[in-house]
Each structure stands twice: as C-alpha cells, then as structure tokens.
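In this note's numbering, the protein residues as written are 302 to 706.
Inspection log for the structure reproduced underneath, given as structure tokens.
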Ligand SMILES: Cc1cc2nc3c(=O)[nH]c(=O)nc-3n(C[C@H](O)[C@H](O)[C@H](O)COP(=O)(O)OP(=O)(O)OC[C@H]3O[C@@H](n4cnc5c(N)ncnc54)[C@H](O)[C@@H]3O)c2cc1C
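Here is the structure:
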C-alpha cells in the first residue's frame, strides 16, 4: 500500500497540525453522519473531514433526478432518528437529502468541508493517526473510514472509446433524459442505474439501447403489496437462503415472466445469496421491464468496440448512436489515501467480511463497506460509537491513563 512519505516525497508541504479530540471521521455521507450521531449520544467529540462542500454529496451531486430509495424507508433509516412519518414508503432522492440535512442539524453535526483527505497513516511512534489534507495535518487516536463503496465512478476501458464523436457520460453526471429527446443512446450496464436511466430516457422520448453483457436478477420491487426485500428478510428468519431465493424466483417468474426471453439472463446463484456473497444488487423493477418487453428499451449483447459514430457488438451487429452513457458503477477510493495498512483489499473493501469488518487495529474503524446499503451502515455505526465511547470514557474518567490512549 506504500506510505504517505512515498506519496509526498516530491512535495514538501507545510501544514497546520490539528490535534483532534475524539475520532477523525473521513466522509460526510450517511455513514459518516451516522457514526457522528451515535458518538454525540455518547458525548464523544469528533471531527468529520469531507472533500466536497456539502453533506451526502453522492446523493446531492451524483444521482439522477428520478431516483427514489430502492428499498422501503424503514430499511434505510439511520440510527436514533427515523424518516418523518409524512414521507412515502419509497422517499425520493430530494426527501432523502432533506432527511440527511435534518439528521445533521438534529445532532449538531458540522463537518469540515472542502477537506479532501490525501493521505492517512498510523504513526507507530506516537500511536496516532496522521490524516493529511492540502493545508492541514489532523492527528487522533482513532480514524473512521466513511468514504463509501461508491467514492469514484468506475469507467471501463472499451476499445475505441476515444474515437466516438458524440458525448460519453457516466451516470454520476446524468440528471435526466431531457437533453436526449429523439436521440439513440447506448447505455452500457444493466444494474439498477442502467435500467433506471434507460427508463428515464424512454420517458423523455429518447431511444435507449441497453447493454446487458452480464447476468442480472430483475425482481419486482413489491410482491402482493409487500416489499420483495422485506419478504426475503422475513423468510430468511426461518428458511435457508437457497430456499428463500427459490421462492423469490418462483414468484418473480409468475409476476414478471421469464426475463431470459428479453435478453436479461439470470445468474445461477439466487438474488439474495448473490447480494450477500458478492454485493451484486438485484435490479428492482419500477417499470423498466414493461419498456423492455414492448421494445422501447432495446437490450443488446456486449460491446466489442466503440466506433466514431456508434458501436460494434459481440454478435457482429453495428449501430449508430448519438450519445453513450456509462452505467458501469462505482469503486472505493480507500487505497489511494489510506497508507501503510493492510486492512483493505486492493479494491478498497475490508478484507474481513460483514459483520466483522468494522474494526481494524490501532483505532481504525470502517463504516458503510458491508455491501448492505444503509442497513449495514446503521449496524456498523452503532458498534463503532460504542467501542470508541468505551475507550473515551476511560480517558475522561481518568481511571486508566495508560500509554494506549
Ligand atoms: C444511484 C444510487 C442509488 C442508491 N440507492 C440506495 C438505496 O436505495 N438504499 C441503500 O441502502 N443504498 C443505496 N445506495 C448505496 C448508497 O451509496 C449508500 O447506501 C450510501 O450513500 C452510502 O453512504 P456512505 O456514507 O457510506 O457513502 P457515500 O454516500 O458515498 O459518502 C461518502 C462521502 O465520503 C466523501 N469522500 C470520499 N473520499 C474522500 C476523501 N478522500 N476525503 C474526504 N472525503 C471523501 C465523499 O465525498 C462522500 O460525501 C445507492 C447508491 C447509488 C449510487
């Protein structure tokens, strides 16, 4: 993983050193805020460093207008303060952002904005975490990594991409299909973002061609009036995972039909098992499949190469497009800034899987890397705050003033 010195050897920067009371939390998304709220309850001070100029920046800056929570709100609540009762079952992104803002206000959370962490490292001599931004060097006994599984857009290398004459945009900058009316748009990727962007393009009178190179589970968002995810979680209390998946797929075939017929191939592993093992989220249908069935969203096989005016596909077809949208997902950025620590994989995920990946050595914590969305965040945040609070109380009460803290 290298060290901060390697990263900075060419720049001799003078930074102001700030000794932080309590932990340093990197990231003011839902995960960072959840840890901060739980720490507040325990009366533990903290500092949050956030690279952008607002809280929940992924939701505020990198999501499309039509986005709603994929799961019912009670599965997406942060600890200690739920959604307002007036919110619908599936809050819009704007409602989610307002929930985040009132959450931060309620717990008096004031992140330090425009503080992009460039490097963080544990100093064995002082037993402190040293966290560097452009101008400051923050030091603390504890570091909470809350930069998210979706910190940077993932852009695959596709042959010929530099040749294309039209615009190529990642979904992180896509807001709505209003600028694409009457255009033929190649949407690369068939996860929740790819499917929902394709649906949005349809509703704005564009013609989306969605590339479904990989297998994917499409499930109805609800079955018989109940959330599919909720049904799965309830069944899983009594039944083994494989049986739960079988029941879900049986009901899905009954409700949606066989998605293979429309070019959407199902993985061999069931939807919930796949989610828990690999983190691959099933697509929850909010109208996309109807558009696929009637041919408004055209499903294409893998792209072989991009050309000046369109793309060639692996099945030999060639088509012209006006624009390309990359619905190719996101990646963690932890390896770019957390140095000298082997707690994370090369992909920036904790090596220890859920439910034990929240705590590392020397006062290192991670929140929001469970592949379980906001539910995983809540689970981690409560444990982290309790763990740090216990150490903090020891310091404050002066019962033990050993060299460890
Ligand atoms: C389109 C979309 C829809 C989703 N819908 C749902 C849903 O319905 N339900 C659900 O549970 N999950 C959903 N998710 C997953 C979602 O990302 C998480 O649930 C949630 O945003 C995770 O919060 P987080 O705080 O862990 O990460 P993020 O929200 O990504 O927040 C991380 C923060 O860290 C900051 N940061 C990153 N690097 C640095 C750095 N080096 N220095 C300082 N700050 C840094 C970022 O700017 C960001 O503000 C969705 C994701 C996407 C992309």
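We put the CB at the ideal spot given by N, CA and C, even for glycine.
Residue i CB to nearest heavy atom of ligand 1 below 7 Å
| i | result |
| --- | --- |
| residue 415 | no |
| residue 522 | no |
| residue 316 | no |
| residue 687 | no |
| residue 499 | no |
| residue 514 | no |
| residue 629 | no |
| residue 707 | For residue 707 there is no data in the structure shown, the boundaries of the chain being 302 and 706. |
| residue 456 | no |
| residue 678 | yes |
| residue 371 | yes |
| residue 634 | yes |
| residue 368 | yes |
| residue 364 | yes |
| residue 418 | yes |
| residue 353 | yes |
| residue 657 | no |
| residue 669 | yes |
| residue 327 | yes |
| residue 357 | yes |
Rounded straight-line distance, which links the Cα of residue j to that of residue i
| i | j | result |
| --- | --- | --- |
| residue 459 | residue 605 | 8 Å |
| residue 684 | residue 656 | 10 Å |
| residue 701 | residue 642 | Confidence in residue 701 is poor, its pLDDT being 48 and thus under 50, which makes the residue's placement unreliable; the coordinate value appears in the next sentence. Roughly 28 Å separates the two Cα atoms. |
| residue 363 | residue 342 | 31 Å |
| residue 421 | residue 428 | 13 Å |
| residue 461 | residue 630 | 20 Å |
| residue 528 | residue 636 | 36 Å |
| residue 334 | residue 388 | 20 Å |
| residue 479 | residue 315 | 47 Å |
| residue 430 | residue 441 | 5 Å |
| residue 615 | residue 607 | 11 Å |
Neighbour-count burial assignment, residue i, 16 or more Cβ in a 10 Å radius
| i | result |
| --- | --- |
| residue 322 | exposed |
| residue 317 | exposed |
| residue 352 | buried |
| residue 651 | buried |
| residue 450 | buried |
| residue 673 | buried |
| residue 599 | buried |
Whole-number beta carbon distance between residue j and residue i, since they are thought to touch under 8 Å
| i | j | result |
| --- | --- | --- |
| residue 432 | residue 444 | 7 Å |
| residue 518 | residue 572 | 4 Å |
beta-carbon residue i near ligand 3 non-hydrogen atom, thresh 7 Å
| i | result |
| --- | --- |
| residue 696 | Of the ligands one can find in the structure shown, namely ligand 1, none is ligand 3. |
Original post:
Touch check for the region 597-612 and the region 387-404: three-plus C-beta pairs under 8 Å?
Top reply: No contact exists between the region 597-612 and the region 387-404.
Subject >> Inter-stretch contact at 8 Å, needing at least 3 Cβ pairs: the region 584-596 / the region 373-387 >> reply: Contact between the region 584-596 and the region 373-387 is absent, because fewer than three Cβ pairs lie under 8 Å.
**OP:** Mind the definition here: the region 505-513 touches the region 484-495 only if three or more C-beta pairs lie below 8 Å; say whether that holds.
**Re:** The answer is yes - the region 484-495 touches the region 505-513, with three or more Cβ pairs under 8 Å.
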